[in-house]
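Everything on this sheet refers to the single structure shown next.
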Amino acid sequence: MNLKLSIIALLFMFIGCDTENETQNESEALLNGNWQNTEAFISSGGPQYWIEIEDGEEIQFLSNGTFSSNRYTECTRGTFSIEDSTLTLKYVCPDFEPTAANEDGLITYSIAYESKTFLLTPTSGPICTEGCSYKYQKVNYLGASLSADKGRPTRHSLETNFQFRGKPRGIKPFGGANKTLNYENNTKTK
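Dropping the structure here:
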């Protein structure tokens, strides 16, 4: 009798472990493919608002747990994993320390999936004071700069610690206000 109970208990343990791994693999499978940063949710000291990003960061996730990105010119590849809605990126170039990494050298984000997009909210490195998120959209083609390790990403910096690759196309403030942001001197106008 005890042998039967032990076998049944072991069977449930193995089934439970497989389900956890399947869930993690399903999350990683959702990311497989080419993605581009198209919008950012930011604040320059006031309410948060969405801005569109032109030529945003391009990232490619592969089923073997590796990724390529044009975020940094010094290193464009690494490994990734997803656990408990946290995306972890580890760049694998020698002597490279990404600016957004934690004390373990990892870049972490809270990840939320939407229809044909996902949102990343930084949880490591310099974090936006008022909060920020980045929206990525699936694309069929990534520029040659990503696949051939060429090209220099441009960076714009706002008053917050927020940095993104790409050129802002416009601002979509909440509440229907008609605001623009002058990126030359970081001032708002109505």
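Sequential numbering of the sequence shown, starting at 135, is according to this note's numbering.
Quick reminder that beta carbons are idealized off the backbone N, C-alpha and C, glycines included.
Starting from T251, follow the beta strand (DSSP E) in both directions and report where the run begins and ends.
Taking the first residue of the sequence shown as 1, we reach residue 251 at position 117. Here the beta strand (DSSP E) through T251 covers T251 to P256.
Please state whether DSSP places L223 in a helix, a strand or coil.
For the purposes of this step, residue 223 is identified with residue 89 of the sequence shown, where counting begins at 1. Three-state result, L223: strand.
With DSSP collapsed to three states, give me the class of E160.
Here residue 160 refers to the residue found at position 26 when the sequence shown is read from its first residue. It is helical.
Member of T222, S178, S177 and I216 whose CA lies at the smallest distance from the CA of E162:
Position 28 of the sequence shown, counted from the start, is the residue given in the question as residue 162. The shortest Cα separation from E162 among T222, S178, S177 and I216 belongs to I216.
Rounded to the nearest angstrom, what separates E192 and K269 at their Cα positions?
Residue mapping note: residue 192 aligns to position 58 of the sequence shown, counting from 1. Residue mapping note: residue 269 aligns to position 135 of the sequence shown, counting from 1. Rounded to the nearest angstrom, the two C-alpha atoms are 12 Å apart.
Ranges of the alpha helix (DSSP H) found wholly within the region 197-221, counting only runs of at least 4:
none
Would E101 pass as a contact of T207 if the rule is Cβ separation under 8 Å?
Since the first residue shown for the chain is 135 and the last is 324, residue 101 is missing from the structure and cannot be characterised.
Which value, in whole angstroms, describes the spacing of the CA atoms of I245 and P228?
What you label residue 245 is simply residue 111 of the sequence shown in a count that begins at 1. What you label residue 228 is simply residue 94 of the sequence shown in a count that begins at 1. The alpha-carbon atoms of I245 and P228 are separated by roughly 27 Å.
Taking the C-alpha atoms as reference points, what is the distance between F252 and S203?
Within the sequence shown, residue 252 is the residue found at index 118, counting from 1. Within the sequence shown, residue 203 is the residue found at index 69, counting from 1. Spanning the two alpha carbons is a distance of roughly 16 Å.
Beta bridge counterpart(s) of G167 as assigned by DSSP
Taking the sequence shown and counting its residues from 1, one reaches residue 167 at position 33. G167 is bridged to F195.
Cα-Cα, which of A235, T210 and C262 is closest to T222?
Along the sequence shown, read from residue 1 onward, the residue named residue 222 stands at position 88. The candidate whose alpha carbon is nearest that of T222 is A235.
Given this structure, state the Cα-to-Cα distance separating G167 from W184, to the nearest angstrom.
To locate residue 167, count along the sequence shown from 1; it is residue 33. To locate residue 184, count along the sequence shown from 1; it is residue 50. Their backbone Cα atoms lie some 25 Å apart in a straight line.
G180 to A174 span [Cα, whole Å]
Here residue 180 refers to the residue found at position 46 of the sequence shown. Here residue 174 refers to the residue found at position 40 of the sequence shown. Looking at the two C-alpha atoms, the distance is approximately 15 Å.
Suppose the cutoff is 6 Å on Cβ atoms and the five residues either side in sequence are ignored; what does the same chain contact list for S197 look like?
Reading the sequence shown from its first residue, position 63 is the one you call residue 197. So the qualifying residues of the chain are N166.
Hey, could you find the ends of the beta strand (DSSP E) I112 is sitting in?
Outside the displayed range of the chain (135 to 324) lies residue 112, so it cannot be described from this structure.
Quick one: what does DSSP say Q271 is sitting in, helix, strand or coil?
Your numbering for residue 271 matches position 137 in the sequence shown. Strand at Q271.
Environment of T242 [buried if 16+ CB atoms lie within 10 Å]
By one-based count along the sequence shown, residue 242 stands at place 108. So T242 ends up on the buried side.
Under the three-state reduction of DSSP, which class applies to A246: helix, strand or coil?
The count along the sequence shown starts at 1 and reaches residue 246 at position 112. Of the three classes helix, strand and coil, the one that applies to A246 here is strand, per DSSP.
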